[in-house]
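**Q**
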Amino acid sequence: MMTQELTAESVSRRARDRRNGFSLLETLIVVSIGMILLAFSVPMVQSALRSYTFNSATSNLSRMVQQARYSAISQGTDVCTVLVGNQFGIDPDCDGALASLDPRVQLPVGVTVDQTSTISLATMPFPAAPTTFSCSTFIVTFNSRGSKTSACGTASGVAVTHVVFMTGWGGTNAVTVTGTGRARSWRWDGSAWQ
Numbered sequence: 158m159m160t161q162e163l164t165a166e167s168v169s170r171r172a173r174d175r176r177n178g179f180s181l182l183e184t185l186i187v188v189s190i191g192m193i194l195l196a197f198s199v200p201m202v203q204s205a206l207r208s209y210t211f212n213s214a215t216s217n218l219s220r221m222v223q224q225a226r227y228s229a230i231s232q233g234t235d236v237c238t239v240l241v242g243n244q245f246g247i248d249p250d251c252d253g254a255l256a257s258l259d260p261r262v263q264l265p266v267g268v269t270v271d272q273t274s275t276i277s278l279a280t281m282p283f284p285a286a287p288t289t290f291s292c293s294t295f296i297v298t299f300n301s302r303g304s305k306t307s308a309c310g311t312a313s314g315v316a317v318t319h320v321v322f323m324t325g326w327g328g329t330n331a332v333t334v335t336g337t338g339r340a341r342s343w344r345w346d347g348s349a350w351q
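In this text, residue positions in the sequence shown follow this note's numbering: the first is 158, and each later residue adds one.
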């Protein structure tokens, strides 16, 4: 039987080999664990990013409505909002079109304005909220005092709130505009508006 003698040279060579790095097996194990973790996290990150983009688009639309209201007050004239294709903007001359310099926001790819949503508005805790959507366009006109002058039908003689639905990536959001011009964003959680 042959035994290997431990000499100072063989001990130092083994120590040097260990200091030079990891073995192939150790490297493969670490890379495999990293790939498994990445496979679980990428879909969650993509879902969170889509949700953030969708909610941001809804907030941007709501802010554009408020900006139109402030513009009507500061200019002392009627100002409208208009939806043209996938762009929502301020129409200062209320002609139903967006000029090249008119402020606007563009809806992200995958987000659409759905004005005939099947989700009931009955659960929306909002003053004068309609129970169904009756407007065919989301054109809101503000007068020089910042009040909404365009109506989306009436309920019991009171002008109902404008509502626009945005759908995308499996979710539904809404933007409402009251008679006084206040805009608010809503998110449908599957059973109620929040």
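Here a beta-carbon is modelled for each residue, glycine too, at the ideal position from N, C-alpha and C.
Could you pull the DSSP bridge partners for residue 342 from this structure?
**A** The count along the sequence shown starts at 1 and reaches residue 342 at position 185. Bridge partners of residue 342: 332.
**Q** On the premise that residue 297 lies in contact with residue 222, defined as a C-beta separation below 8 angstroms, what is that separation, rounded to the nearest angstrom?
**A** Translated into positions along the sequence shown, residue 222 becomes position 65. Translated into positions along the sequence shown, residue 297 becomes position 140. 6 angstroms between Cβ atoms; contact.
**Q** How about the stretch 257-271 and the stretch 198-206: do they share at least three Cβ pairs that are nearer than 8 angstroms?
**A** The stretch 257-271 vs the stretch 198-206: no contact.
**Q** Any idea what DSSP makes of residue 261, helix, strand or coil?
**A** In the sequence shown, counting from the first residue as 1, residue 261 sits at position 104. Three-state DSSP puts residue 261 in a strand.
**Q** How close, in whole Å, do the beta carbons of residue 303 and residue 229 come, if the pair is a contact with beta carbons under 8 angstroms?
**A** Your numbering for residue 303 matches position 146 in the sequence shown. Your numbering for residue 229 matches position 72 in the sequence shown. So it is a contact: roughly 6 angstroms between Cβ atoms.
**Q** So residue 241 is in the beta strand (DSSP E); what residue range does that whole segment cover?
**A** Your numbering for residue 241 matches position 84 in the sequence shown. Looking at the DSSP string, the run of the beta strand (DSSP E) that includes residue 241 is 236-241.
**Q** Please report the distance separating the alpha-carbon of residue 324 from that of residue 268.
**A** Along the sequence shown, read from residue 1 onward, the residue named residue 324 stands at position 167. Along the sequence shown, read from residue 1 onward, the residue named residue 268 stands at position 111. When rounded, the distance between both Cα atoms is 6 angstroms.
**Q** Using a threshold of 7 angstroms, state whether the C-beta atoms of residue 219 and residue 332 are closer than that.
**A** Stepping through the sequence shown from its first residue, residue 219 is reached at position 62. Stepping through the sequence shown from its first residue, residue 332 is reached at position 175. In this structure, residue 332 lies closer than 7 angstroms to residue 219 by Cβ.
**Q** Are residue 301 and residue 246 closer than 7 angstroms when you measure CB to CB?
**A** Position 144 of the sequence shown, counting from 1, holds the residue named residue 301. Position 89 of the sequence shown, counting from 1, holds the residue named residue 246. Cβ distance not < 7 angstroms, so residue 301 and residue 246 don't count as in contact.
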